[in-house]
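At position 221 of the sequence shown the residue is numbered 213 (the working numbering), and the sequence of numbers has no breaks.
Cβ coordinates follow ideal geometry from the N, Cα and C atoms, glycine included.
Below is one structure, written out as structure tokens; comments come after it.
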Amino acid sequence: MRAAALPVRGRRRRENRTGMVEQPAQNPVPPAVPTAVGNAVGVDIGGTKIAAGVVDHRGEIIAQTRRETPASHPAAIAEAVADAVAELRTTHEFGPVGVAAAGFVDAGRRNVVFAPNLAWRDEPLADHLEARVAAPVVVENDANAAAWAEYRFGGGLDEHGRAVDDLVMLTLGTGLGGGIVTGGVLQRGANGAAAELGHVRAVPGGRACGCGNSGCWEQYVAGNALVRDARDLLRAGDEEGKPLLEAVGGNLDDVTGPLITRLAQAGDPGCARLLADVGRWLGEAVASFVAMLDPEVVVIGGGVSQAGELLLGPARISLAQNLSGRTHREPPPLRTARKGNDAGIIGAADLARV
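The structure is reproduced here in structure tokens:
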């Protein structure tokens, strides 16, 4: 079975002012509110785990299961996903299945074009899964799924519980992911590769990035950047790094983002400064994205966001200092994500109903 076709922006042929016929856009986009209200399954495929859950129309997970991500052929990953869905089917009824995966997903929401962490290239994931789960399947980029979950059920809701029209979400995990909702529509772009905000160049000739460019925001605003800066501090023998060095017993390989956050929250000034530095970079990044997109709210998620105000306080100051037209407008609020690690499951399930 295939998921129902989505509305396509610009479906009608029409003439522009020059008399030429405009061709319809080819990228399908979902409406702001899903057309079905029954239960759906969301699956979040990570580098080490596969998490799947039955999600109701309110964005609540009512059943959940996990699997390790097989370190083998993509077919083995599809089989693990199908096994998780089959387990959920033994106790709950549901309709479509949405799958969130890192990497580029085609605009038709069927194929993973490129997923570096899973070695997928032009993988027809939806076709493989539909043959196994006997349900319609759609595939979403994981950051897009998380952004949609926050837009519908989390940080994108105002004080009255209504979704804002325009939202940007940044996920600060190992890397920097992004998701964009404008006018209530999730933006995928012509090729399904929109919102790769972590790979917008920030520093020409800067740090080398895994995408092949250099100076991308991901190299300054992400968990890897935080850990790299911490290790540089320890190698330099800086006094500020002594508590962190003692915490890892002198082994720099044991430096992690969560450890830095815990020490900073316990009052270590060196670790607090490391988070503040990332926060300042984050504020600059948000200022750039606000100049392009003018969102009502910016939601910050991912593991690094667990630092809370140690990260977001400096980010807000930096945003206010770097925002274009700052003397004539207020910066949008920065909010921490509310759905946490469940955002991928919730967003994928909700988008599967469209």
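Per-residue DSSP class, three states only, for residue i
| i | result |
| --- | --- |
| residue 208 | strand |
| residue 86 | coil |
| residue 298 | helix |
| residue 56 | strand |
| residue 164 | strand |
| residue 265 | helix |
| residue 33 | strand |
| residue 77 | helix |
| residue 70 | helix |
| residue 122 | helix |
| residue 132 | strand |
| residue 227 | helix |
| residue 315 | coil |
| residue 220 | helix |
| residue 155 | strand |
| residue 327 | strand |
| residue 291 | strand |
| residue 170 | strand |
| residue 93 | strand |
| residue 346 | coil |
| residue 177 | strand |
Proximity of residue i and residue j at Cβ, strictly below 8 angstroms
| i | j | result |
| --- | --- | --- |
| residue 288 | residue 159 | yes |
| residue 310 | residue 271 | yes |
| residue 116 | residue 102 | yes |
| residue 194 | residue 209 | yes |
| residue 345 | residue 88 | yes |
| residue 146 | residue 341 | no |
| residue 175 | residue 162 | no |
| residue 336 | residue 92 | yes |
| residue 94 | residue 134 | yes |
| residue 35 | residue 73 | yes |
| residue 252 | residue 237 | no |
| residue 129 | residue 80 | no |
Neighbourhood of residue i by C-beta distance below 8 angstroms, restricted to the same chain and skipping five residues each side
| i | result |
| --- | --- |
| residue 84 | 31, 46, 54 and 55 |
| residue 205 | 191 and 193 |
| residue 349 | No information on residue 349 is available, as it lies outside the stretch -7 to 346 that the chain covers here. |
Nonlocal neighbours in the same chain, by C-beta distance under 7 angstroms from residue i, ignoring five residues either side
| i | result |
| --- | --- |
| residue 362 | Lying before the first or after the last residue shown, residue 362 is absent from the chain, which here runs from -7 to 346. |
| residue 315 | 279, 282 and 323 |
| residue 235 | 255, 260 and 262 |
| residue 308 | 275 and 326 |
| residue 264 | 256 and 302 |
| residue 217 | 211 and 270 |
Spatially closest choice to residue i from the options, by CA coordinates
| i | options | result |
| --- | --- | --- |
| residue 248 | 265, 274 and 221 | 221 |
| residue 63 | 38, 191, 44 and 77 | 38 |
| residue 183 | 105, 223, 157 and 258 | 105 |
| residue 328 | 142, 229 and 76 | 142 |
| residue 181 | 98, 225 and 268 | 98 |
| residue 41 | 343, 333 and 339 | 333 |
| residue 123 | 111, 71 and 293 | 71 |
| residue 292 | 202, 304 and 284 | 304 |
| residue 138 | 321, 290 and 300 | 290 |
Residue range of the alpha helix (DSSP H) that includes residue i
| i | result |
| --- | --- |
| residue 333 | Residue 333 -> no alpha helix (DSSP H), and no H or E assigned at all. |
| residue 249 | 249 to 257 |
| residue 43 | Here residue 43 belongs to no alpha helix (DSSP H); instead the beta strand (DSSP E) covers 41 to 47. |
| residue 127 | Counting along the chain, residue 127 falls outside any alpha helix (DSSP H), and DSSP gives it neither H nor E. |
| residue 238 | 234 to 239 |
Span of the beta strand (DSSP E) around residue i
| i | result |
| --- | --- |
| residue 113 | 112 to 115 |
| residue 107 | 104 to 107 |
Other residues of its chain near residue i: CB distance less than 6 angstroms, five sequence neighbours each side excluded
| i | result |
| --- | --- |
| residue 428 | Nothing in the structure corresponds to residue 428, since the chain is present only between -7 and 346. |
| residue 157 | 175 and 176 |
| residue 306 | 268, 271 and 272 |
Chain B within 8 angstroms of residue i, Cβ atoms only
| i | result |
| --- | --- |
| residue 102 | The question asks about chain B, but that chain is absent: this structure has only one protein chain. |
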